[in-house]
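Just so we're aligned: the sequence shown equals residues 14 to 74 in the working numbering. What follows is a short report on a single structure.
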Amino acid sequence: MTHCLRDLGSVLRLWVRVVGFGNPELRRLFSVASTLHQNFYENWLSGDVVKDYAEDVKQLI
């Protein structure tokens, strides 16, 4: 099965199909990853928050 993952939405849709999305911790971690992605372009989070969120995302990947 081949997938084209062009954006975070595509990743999320694939993840829901393959893994399921019933785990609240997975939803939280994906939300944190999405926030970091947004912050990459908008630069509104403090450096400390980015570091903390990056540690959370390590759990996701």
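C-beta atoms are modelled at their ideal positions from N, C-alpha and C, and glycine is treated no differently.
Taking just the CA atoms, how far does L42 sit from N36? 10 Å
Name the residue from N56, S47 and L73 whose alpha carbon lies nearest to the alpha carbon of D20. S47
Rounded to whole angstroms, how far is the Cβ of V24 from the Cβ of L49, which I believe are closer than 8 Å? Actually they are not in contact, since the Cβ atoms of V24 and L49 sit about 13 Å apart, beyond 8 Å.
Any beta carbon from chain C within less than 9 Å of I74's own beta carbon? Of the chains in the structure shown, none is chain C; there is only one protein chain.
For D32, the three-state DSSP class (helix, strand or coil): Asp is not the amino acid found at residue 32; the sequence shown has Val there. Residue state, collapsed to three classes: coil.
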